[in-house]
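So the sequence shown is numbered by our numbering: it starts at 1 and just counts up by one.
Note that beta-carbon positions come from the ideal geometry of N, C-alpha and C, so glycine has one too.
All values reported here derive from a predicted model rather than from experimental measurement.
Before any comments, here is the structure.
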Amino acid sequence: MSHNQGYILLHRKIIDSAIWSKPPLYLKVFSHILCKANHKDFEIKLDTGELLLIRRGQAFTSYRHISEDIKYRENKQWISPSEGEIRYIVNFLKRTGTITTTATGNGLLITFVNYNKYQSITTGTPTGSLSEKQQDSNPTTTTNNNDNNDKENTHISCADICQLLQDKTGATTNEKQIAFLINKYSEEKVSYQVNNIPKDVGSPIAWLKSALKENYSHSQKKTSENAKTPIYKKSPCCDVDIFEKNENKYCAKCLCRIIKTDSGELQKTDETVHGGI
Numbered sequence: 001m002s003h004n005q006g007y008i009l010l011h012r013k014i015i016d017s018a019i020w021s022k023p024p025l026y027l028k029v030f031s032h033i034l035c036k037a038n039h040k041d042f043e044i045k046l047d048t049g050e051l052l053l054i055r056r057g058q059a060f061t062s063y064r065h066i067s068e069d070i071k072y073r074e075n076k077q078w079i080s081p082s083e084g085e086i087r088y089i090v091n092f093l094k095r096t097g098t099i100t101t102t103a104t105g106n107g108l109l110i111t112f113v114n115y116n117k118y119q120s121i122t123t124g125t126p127t128g129s130l131s132e133k134q135q136d137s138n139p140t141t142t143t144n145n146n147d148n149n150d151k152e153n154t155h156i157s158c159a160d161i162c163q164l165l166q167d168k169t170g171a172t173t174n175e176k177q178i179a180f181l182i183n184k185y186s187e188e189k190v191s192y193q194v195n196n197i198p199k200d201v202g203s204p205i206a207w208l209k210s211a212l213k214e215n216y217s218h219s220q221k222k223t224s225e226n227a228k229t230p231i232y233k234k235s236p237c238c239d240v241d242i243f244e245k246n247e248n249k250y251c252a253k254c255l256c257r258i259i260k261t262d263s264g265e266l267q268k269t270d271e272t273v274h275g276g277i
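Below, the structure written as C-alpha cells:
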C-alpha cells in the first residue's frame, strides 16, 4: 500500500500544541508517522509469512526505519538521527496522549489515539492529531493526570534521557543521576542539554552538570538568596516566621540570627542578616 498519495489534515492550532516548542526533529518524526499511517484497513505480509492487519490510523514501522526515512543532507553528507532519539520522541508522543505503541517481533505498531476524529473530512473541523499542551477534550488523552501517573512519566523520562545520552556518547548512565538533575532543573532543560552534548565528551554526566549549572543555576541562586523561606517554627524573640538565607535562619521581624541549642530549642543571637532582606 503506497503512502505517497493523498493527504493528511493539519490544523493551524498545531502551533499551540506541546510539540511546537520542541526541536524541529519532533515535528518531523510526528509528521512522518502520520503520513505513514493507513487511511483504511490493510493487511500486510510479514517476513515470517504471517499476515498482519494494519487498521486505519495505524502505522507499522520501526525506530530504525523511521531514522532512515527522515535522514537529511548537511554539507553533502546524509545524516540520520539515532534510534535513541527516535525512541525518545515516540515516547514523548505517547506521554502527550497522541499515540500508543505495540512492540512485535517484526516491528513497532503505532496507533494514533484520535485518528478518526482528527483525520475525517466529514467532521468539517479538521484538527491536527496532537493534543494541546498534553490535553484534549477526548477522555483518552486526559486520563493520565493523577499523581501516580505523573511520577511514572518522570521515570519514563529518566529512562529515555539515559538511553539518548548513551546513544549520543556511548556511555551508560545511572538513572538516579538523571532523576536528580531533572528534579533540580526540569526534564525540558536536561533533555535539551543532552541533545546538544558533544559525542566525544570524556564524562557525559560531568559535562551535563556543568552545562546545566552554567546555563540555569545563576537565576536559581539569585531567587533562593532573595526569597524568604518560612519554616514551621516561630522565632523565639518576635513570634513570627523564621526564614532561611545562605543556610542560616533569621527572624522575619527583627532580622536576628536564630540558632538551635543542644537541647533542640531555638535561641536568638546578636547577629543579624547581612544586607537586609
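Go through its chain and collect everything with a Cβ distance to residue i's Cβ below 8 Å, but skip five positions before and after it.
i	result
V201	T169 and W207
Y88	D160, I161, Q163, L164 and S191
E43	L51, L52, L53 and I54
K189	L212, N215 and Y216
Exposed or buried, residue i, counting other C-beta atoms within 10 Å across all chains shown (16 or more means buried)?
i	result
C162	buried
N114	buried
Y250	buried
G97	buried
S210	exposed
I259	exposed
E265	exposed
Y185	buried
S17	buried
Q267	exposed
I231	Note that I231 scores 43 on pLDDT, short of 50, meaning its location in the model is unreliable and no value can be drawn from it.
T261	exposed
E187	buried
T298	Examination of residue 298 is not possible in this model, given that the chain is present from 1 through 277 alone.
Output needed for residue i: all residues of its chain with C-beta closer than 7 Å, excluding positions within five of it in sequence on either side, in chain order.
i	result
G107	F60, T61 and S62
E175	C158, A159 and C162
C254	C237 and C238
Roughly how many angstroms lie between the CA atoms of residue i and residue j, to the nearest whole one?
i	j	result
C158	P204	15 Å
T101	L109	6 Å
K71	I79	5 Å
L212	N196	12 Å
W20	I14	7 Å
N75	H65	23 Å
F180	K117	39 Å
I99	V90	8 Å
G124	L10	Because the pLDDT at G124 is just 45, under 50, the model does not fix this residue reliably, and the value given afterwards should be weighed accordingly. Near 13 Å, if we compare the C-alpha coordinates of L10 and G124.
N248	D239	18 Å
K151	N183	Interpretation of K151 is limited by its pLDDT of 39, a score under 50 that renders its predicted location unreliable; the figure taken from the coordinates is listed afterwards. Taking the straight line joining both Cα atoms gives about 11 Å.
Q119	D41	14 Å
T269	S263	16 Å
E68	K199	20 Å
Among residues of its own chain, excluding the 5 on either side of residue i, which ones have a beta-carbon nearer than 6 Å to its beta-carbon?
i	result
V194	I161, L164 and L165
L93	I99
According to DSSP, which residues form a beta bridge with residue i?
i	result
C256	T272
K45	L51
R73	W78
T250	The sequence shown places Tyr at residue 250, not Thr. DSSP, once it has assigned bridges, lists F243 and R257 as partnering Y250.
Given 8 Å, three or more beta-carbon pairs between the stretch 47-54 and the stretch 23-34: Remark: fewer than three beta-carbon pairs, one from each stretch, lie closer than 8 Å, so the stretch 47-54 and the stretch 23-34 are not flagged as touching.
Cβ contact check for the stretch 83-92 and the stretch 166-186: 3 or more pairs under 8 Å: The stretch 83-92, when compared against the stretch 166-186, does touch it at the 8 Å Cβ threshold.
How do the stretch 34-41 and the stretch 51-65 stand: do at least 3 beta-carbon pairs fall below 8 Å, yes or no? Yes, since at least three Cβ pairs between the stretch 34-41 and the stretch 51-65 fall closer than 8 Å, the two stretches touch.
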